[in-house]
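A.B. asks:
Protein chains in written order, with the numbering used here: chain R, 439 to 877; chain A, 11 to 303.
Okay, here's the thing in structure tokens:
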């Protein structure tokens with residue numbers, strides 16, 4: 439091999455090594471809202487910069503309390519991971535700017551950001567590594583999908599560390615785990631609100647009696663679909679005409695849509711993430727098939743879904759755990775300001791996952807403050823026993839949370855949102871609606 | 011009946027997408043005898059190239075208008091990759107090819123993530139939800155366009171290989187490298203041309219897929235496995251085989267997905283693959299003859 443080629447090869451080695459790390463996750467520390475330090479993430483950076491790829495050194499920083507943010511910042515769920523990060527960073531900034539944790543001497547929250555990828559087979563090892571390197575971490579949050587949550591639960595149980603999740607799979611809080619909390623409703627609540635909404639549409643003369651449930655065979659999709667099947671298969675005046683699963687990452691939705699059309703479904707409940715939802719909805723449009731769509735959340739609520747679908751997104755409805763315009767938010771000055779600040783900072787509406795993880799950070803902060811300690815058992819006890827008082831804790835519908843021993847917020851409700859003018863608007867239940875249902 | 015006809019057309023259309031990607035892959039194998047595990051990533055690069063150009067031109071051009079530019083960019087990229095990464099390992103055996111192309115696949119994914127982040131990107135298209143209506147059958151317009159481009163590509167490539175000096179030289183190299191060299195063919199140059207064309211076809215596929223799929227670093231993996239099955243089914247190195255193999259896979263996938271289960275559709279494709287390999291190990295359209303190292 440001549441010298442020139444050898445030189446090129448040697449030059450390419452560091453480039454390839456750098457590119458490998460460009461896509462890899464790592465843990466990094468930021469303290470948004472700390473005026474003595476201005477990390478890029480406080481300005482709304484959505485991806486760890488090269489400078490943020492280093493691992494945390496495990497120090498507490500003295501006047502800071504560490505909270506772990508575990509988000510899918512790469513892979514197929516990176517879309518929701520970015521939003522999760524934005525919600526948590528904004529909440530952290532607001533808490534820190536408002537004096538931090540008063541009962542801990544005004545300590546500021548320090549986020550330890552970790553990319554858990556979108557691959558649930560890798561999550562446990564990544565979380566284990568971060569927790570072992572950060573024994574002073576007070577709690578964790580992020581976890582935008584049920585799949586990664588279920589993979590991480592046992593690690594947090596081993597470390598006896600409380601953590602918050604957005605996962606809606608029923609198994610998360612029914613298998614005897616003690617340290618998981620979620621400020622979201624579960625799959626059963628989703629199907630309850632979907633049935634209620636369908637009845638509302640029927641009473642309003644919009645028809646629809648034959649249901650099709652199509653879902654991805656992941657922890658999220660299966661949980662949603664099983665809850666929906668249990669609810670709808672015995673519902674008066676409704677017939678479950680199709681119940682079909684698919685593997686995520688498929689390349690073509692036309693056989694699925696053909697099946698739905700053949701089954702005569704005039705109401706479709708898709709449970710999938712963004713890519714698959716876009717493919718299903720655009721294929722429906724191409725095949726001139728326009729059933730009533732009442733989605734199972736997830737991909738149907740992401741900004742990227744609205745961008746991808748363009749104008750044809752308008753009118754599509756979905757169940758949701760959270761939306762930026764529900765009345766619990768619009769009736770609170772602090773929550774309204776937070777939602778507005780999110781939009782100004784990140785240039786997009788505050789999506790469901792951002793709102794949920796925002797609420798988790800605020801809940802965690804107030805619980806740590808109430809406990810006056812970063813001891814895991816004290817924090818866990820505080821979460822379960824306390825009554826929240828911080829106004830930002832009103833951000834999750836219907837208002838202040840109340841966690842039970844299993845980790846569920848017993849007050850959590852589901853909403854129905856409808857895409858209008860490229861944004862999801864809360865349309866049901868009527869007492870939480872931020873907009874009227876578009877005809 | 012309508013359902014069956016719709017399913018056939020659905021299958022042919024997605025099969026056309028597979029064929030589009032498979033043509034490039036089979037060309038690379040046919041000449042260089044390399045199984046290119048990075049072909050899906052070249053499709054991804056083609057999509058990102060379209061995205062960058064789309065934004066560079068102020069979002070005023072359609073992805074179809076950008077096709078010639080994307081093709082030129084990918085042709086050049088193919089040449090660079092061939093010279094820098096592939097040529098040094100030529101003749102070193104299949105393991106070297108597998109390792110270098112799978113490594114390349116990983117590097118390209120991570121480079122894309124580094125430059126563009128993992129967020130979904132889009133090339134806005136007015137025809138994303140458009141379709142043609144034939145009686146009671148609906149045909150996705152972006153897929154129809156991709157299908158016809160696949161047909162044209164196959165015809166052009168076949169014509170190129172049969173009727174031009176360079177094409178004949180490439181064919182001779184694919185049949186017997188040593189004899190071709192003795193007859194004065196510049197083998198190294200033919201390798202570069204063949205590899206570059208294969209990468210260009212992947213890039214063209216990527217450009218045509220932007221109205222259908224969102225763009226993210228791992229989009230290539232959606233097609234990789236199926237496209238390999240297509241190429242082997244059609245006969246490694248057989249351009250027409252890759253085309254018809256793609257159509258066959260698309261139809262089988264759609265029939266099983268429509269009449270049985272979408273979860274079983276990939277399994278059905280690979281069951282077909284196994285059956286064909288048992289009955290015709292060289293592929294459905296291969297003309298026989300052992301592969302020469």
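Quick reminder that beta carbons are idealized off the backbone N, C-alpha and C, glycines included.
Tell me which residue opens and which closes the alpha helix (DSSP H) that residue 863 of chain R is part of.
C.D. replies: As a first step, residue 863 of chain R must be located in the first chain, where it is residue number 425. Unbroken run through residue 863 of chain R is the beta strand (DSSP E), 861-866; no alpha helix (DSSP H).
A.B. asks: Taking 8 Å as the CB-CB limit, is residue 789 of chain R close to chain A?
C.D. replies: On the first chain, residue 789 of chain R is found 351 positions in, with the first residue counted as 1. Answer no: the Cβ-Cβ gap between residue 789 of chain R and chain A never drops below 8 Å.
A.B. asks: So if I threshold CB-CB distances at 7 Å, which residues from the stretch 83-115 of chain A count as touching chain B?
C.D. replies: Reference to chain B is not applicable here, since the protein chains of this structure are R and A.
A.B. asks: Nearest-angstrom Cα distance between residue 489 of chain R and residue 511 of chain R?
C.D. replies: Position 51 of the first chain, counted from the start, is the residue given in the question as residue 489 of chain R. Position 73 of the first chain, counted from the start, is the residue given in the question as residue 511 of chain R. For residue 489 of chain R, the predicted structure reports a pLDDT of 32, less than 50, and the residue's modelled location is therefore unreliable. A value from the coordinates is still provided. Approximately 16 Å between the Cα atoms of the pair.
A.B. asks: What's the C-alpha gap between residue 801 of chain R and residue 847 of chain R?
C.D. replies: Looking up residue 801 of chain R in the first chain gives position 363. Looking up residue 847 of chain R in the first chain gives position 409. Those two C-alpha atoms are separated by around 11 Å.
A.B. asks: Determine, for residue 299 of chain A, whether the minimum Cβ-Cβ distance to residues of chain R falls below 8 Å.
C.D. replies: By one-based count along the second chain, residue 299 of chain A stands at place 289. Confidence at residue 299 of chain A is low in this model, with a pLDDT of 45, below 50, so the placement of that residue should be treated as unreliable; the coordinate-derived value is given next. For residue 299 of chain A, the answer is no, since every Cβ of chain R falls outside 8 Å of its Cβ.
A.B. asks: Name the chain A residues whose beta carbon is nearer than 9 Å to that of residue 724 of chain R?
C.D. replies: Numbered from 1 along the first chain, position 286 holds the residue referred to as residue 724 of chain R. Neighbours of residue 724 of chain R on chain A, chain order: 138, 139, 140, 141, 148, 149, 150, 151, 152, 153.
A.B. asks: Taking any Cβ of chain R, which residues in the stretch 251-266 of chain A have a Cβ under 9 Å from it, in chain order?
C.D. replies: Flagged, chain order: 260, 263, 264, 265, 266.
A.B. asks: Tell me the residue span of the beta strand (DSSP E) that contains residue 152 of chain A.
C.D. replies: Here residue 152 of chain A refers to the residue found at position 142 of the second chain. Careful: residue 152 of chain A lies outside any beta strand (DSSP E), inside the alpha helix (DSSP H) at 151-173.
A.B. asks: Nearest to residue 87 of chain A by alpha carbon, out of A/293, A/99, A/183, A/212?
C.D. replies: For the purposes of this step, residue 87 of chain A is taken as the residue at position 77 of the second chain. Residue 87 of chain A has its Cα closest to that of A/212, out of A/293, A/99, A/183, A/212.
A.B. asks: Leaving out five residues before and five after residue 608 of chain R in sequence, what residues of the same chain have Cβ atoms less than 6 Å from its Cβ?
C.D. replies: Here residue 608 of chain R corresponds to residue number 170 of the first chain, with the count starting at 1. Contacts found: 624, 625, 661.
A.B. asks: Report back the beta-carbon spacing between residue 830 of chain R and residue 773 of chain R to the nearest angstrom; my notes put them in contact at under 8 Å.
C.D. replies: By 1-based counting over the first chain, the position of residue 830 of chain R is 392. By 1-based counting over the first chain, the position of residue 773 of chain R is 335. About 6 Å separates the two Cβ atoms, so the contact holds.
A.B. asks: How is residue 195 of chain A classed by DSSP in three states: helix, strand or coil?
C.D. replies: Taking the second chain and counting its residues from 1, the one referred to as residue 195 of chain A is at position 185. Residue state, collapsed to three classes: coil.
A.B. asks: Residues of the stretch 772-783 of chain R with a CB closer than 9 Å to any CB of chain A: list them in chain order, please.
C.D. replies: Per Cβ criterion, the list is empty.
A.B. asks: Which residues in the same chain as residue 822 of chain R place their Cβ atom closer than 8 Å to its Cβ, once the five residues preceding and following it in sequence are excluded?
C.D. replies: Counting from one through the first chain, the residue named residue 822 of chain R turns up at place 384. For residue 822 of chain R, where only same-chain residues beyond five positions count, the Cβ hits under 8 Å are 841, 842, 843.
A.B. asks: Would you check if the distance between the CB atom of residue 549 of chain R and the CB atom of residue 588 of chain R is smaller than 8 Å?
C.D. replies: Translated into positions along the first chain, residue 549 of chain R becomes position 111. Translated into positions along the first chain, residue 588 of chain R becomes position 150. The answer is no: Cβ separation not under 8 Å.
A.B. asks: Using the Cβ count rule (16 or more neighbours within 10 Å means buried), how would you classify residue 188 of chain A?
C.D. replies: What you label residue 188 of chain A is simply residue 178 of the second chain in a count that begins at 1. Counting Cβ neighbours within 10 Å, residue 188 of chain A comes out exposed, since fewer than 16 surround it.
A.B. asks: If you follow the beta strand (DSSP E) that residue 708 of chain R is part of, which residue opens it and which one closes it?
C.D. replies: For the purposes of this step, residue 708 of chain R is identified with residue 270 of the first chain, where counting begins at 1. First-last of the beta strand (DSSP E) with residue 708 of chain R: 705-709.
A.B. asks: Using alpha carbons as the reference points, say which of A/252, A/294, A/285, A/28 lies closest to residue 153 of chain A.
C.D. replies: Here residue 153 of chain A corresponds to residue number 143 of the second chain, with the count starting at 1. Nearest C-alpha to residue 153 of chain A: A/28.
A.B. asks: Listed from N- to C-terminal order along the chain, which residues in the stretch 690-701 of chain R have their beta-carbon within a distance smaller than 7 Å of any beta-carbon of chain A?
C.D. replies: Residues passing the 7 Å Cβ filter: 690, 692, 693, 694, 696, 697, 700.
A.B. asks: Name the two residues that bound the continuous beta strand (DSSP E) containing residue 683 of chain R.
C.D. replies: As a first step, residue 683 of chain R must be located in the first chain, where it is residue number 245. First-last of the beta strand (DSSP E) with residue 683 of chain R: 677-684.
A.B. asks: Taking 8 Å as the threshold, find out whether the stretch 155-173 of chain A comes into contact with the stretch 23-41 of chain A through three or more Cβ pairs.
C.D. replies: Flag = yes, the stretch 155-173 of chain A and the stretch 23-41 of chain A touch.
A.B. asks: Mind checking if residue 748 of chain R is an interface residue toward chain A, Cβ cutoff 8 Å exclusive?
C.D. replies: Taking the first residue of the first chain as 1, we reach residue 748 of chain R at position 310. Chain A contact via Cβ: present.
A.B. asks: So with Cβ pairs under 8 Å, would you call residue 802 of chain R a contact of chain A?
C.D. replies: Walking along the first chain from the start, residue 802 of chain R turns up at place 364. Output row for residue 802 of chain R: interface = no.
A.B. asks: So, residue 752 of chain R versus residue 876 of chain R, is the Cβ gap smaller than 8 Å?
C.D. replies: In the first chain, counting from the first residue as 1, residue 752 of chain R sits at position 314. In the first chain, counting from the first residue as 1, residue 876 of chain R sits at position 438. Result yes, Cβ atoms of residue 752 of chain R and residue 876 of chain R sit closer than 8 Å.
A.B. asks: Quick check: the Cα distance between residue 66 of chain A and residue 72 of chain A, rounded to an integer number of angstroms?
C.D. replies: As a working note, residue 66 of chain A is residue 56 in the second chain. As a working note, residue 72 of chain A is residue 62 in the second chain. Distance between the alpha carbons of residue 66 of chain A and residue 72 of chain A is about 12 Å.
A.B. asks: Rounded to a whole number of angstroms, what is the C-alpha to C-alpha distance between residue 238 of chain A and residue 122 of chain A?
C.D. replies: Residue mapping note: residue 238 of chain A aligns to position 228 of the second chain, counting from 1. Residue mapping note: residue 122 of chain A aligns to position 112 of the second chain, counting from 1. The alpha-carbon atoms of residue 238 of chain A and residue 122 of chain A are separated by roughly 23 Å.
A.B. asks: Taking the alpha helix (DSSP H) that residue 88 of chain A falls in, what are its first and last residues?
C.D. replies: Taking the second chain and counting its residues from 1, one reaches residue 88 of chain A at position 78. Per DSSP, residue 88 of chain A belongs to the alpha helix (DSSP H) from 77-91.
A.B. asks: Helix, strand or coil, according to DSSP, for residue 271 of chain A in the structure here?
C.D. replies: Position 261 of the second chain, counting from 1, holds the residue named residue 271 of chain A. Note: residue 271 of chain A maps to coil in three-state DSSP.
A.B. asks: Going along the stretch 229-240 of chain A in order, which residues come within less than 8 Å of chain R, judged by CB to CB distance?
C.D. replies: Residues 231, 232, 233, 236.
A.B. asks: With residue 732 of chain R and residue 696 of chain R assumed to form a contact (beta carbons below 8 Å), what rounded beta-carbon distance in angstroms separates them?
C.D. replies: Residue numbering aside, residue 732 of chain R sits at position 294 when the first chain is read from its first letter. Residue numbering aside, residue 696 of chain R sits at position 258 when the first chain is read from its first letter. Contact flag wrong, Cβ pair sits at about 21 Å.
A.B. asks: Which residue from A/15, A/13, A/39, A/12 puts its Cα closest to that of residue 252 of chain A?
C.D. replies: The residue labelled residue 252 of chain A in the question sits at position 242 within the second chain. When each option's Cα is compared against that of residue 252 of chain A, the closest is A/39.
A.B. asks: So for residue 223 of chain A, helix, strand or coil by DSSP?
C.D. replies: As a working mapping, residue 223 of chain A is identified with position 213 in the second chain. If DSSP states are grouped into helix, strand and coil, residue 223 of chain A belongs with coil.
A.B. asks: In chain A, which residues lie with their C-beta within 9 Å of the C-beta of residue 682 of chain R?
C.D. replies: For the purposes of this step, residue 682 of chain R is taken as the residue at position 244 of the first chain. What residue 682 of chain R touches in chain A: 271, 272, 273.
A.B. asks: Going along the chain, which residues of the stretch 502-528 of chain R sit with their C-beta nearer than 7 Å to a C-beta in chain A?
C.D. replies: Cβ contacts with chain A: 511, 512, 513, 514, 516, 517, 520.
A.B. asks: Go to residue 757 of chain R, then tell me how far its alpha helix (DSSP H) extends in each direction, as first and last residue.
C.D. replies: The residue you call residue 757 of chain R lines up with position 319 of the first chain. From DSSP, residue 757 of chain R is part of no alpha helix (DSSP H) but of the beta strand (DSSP E) over 755-758.
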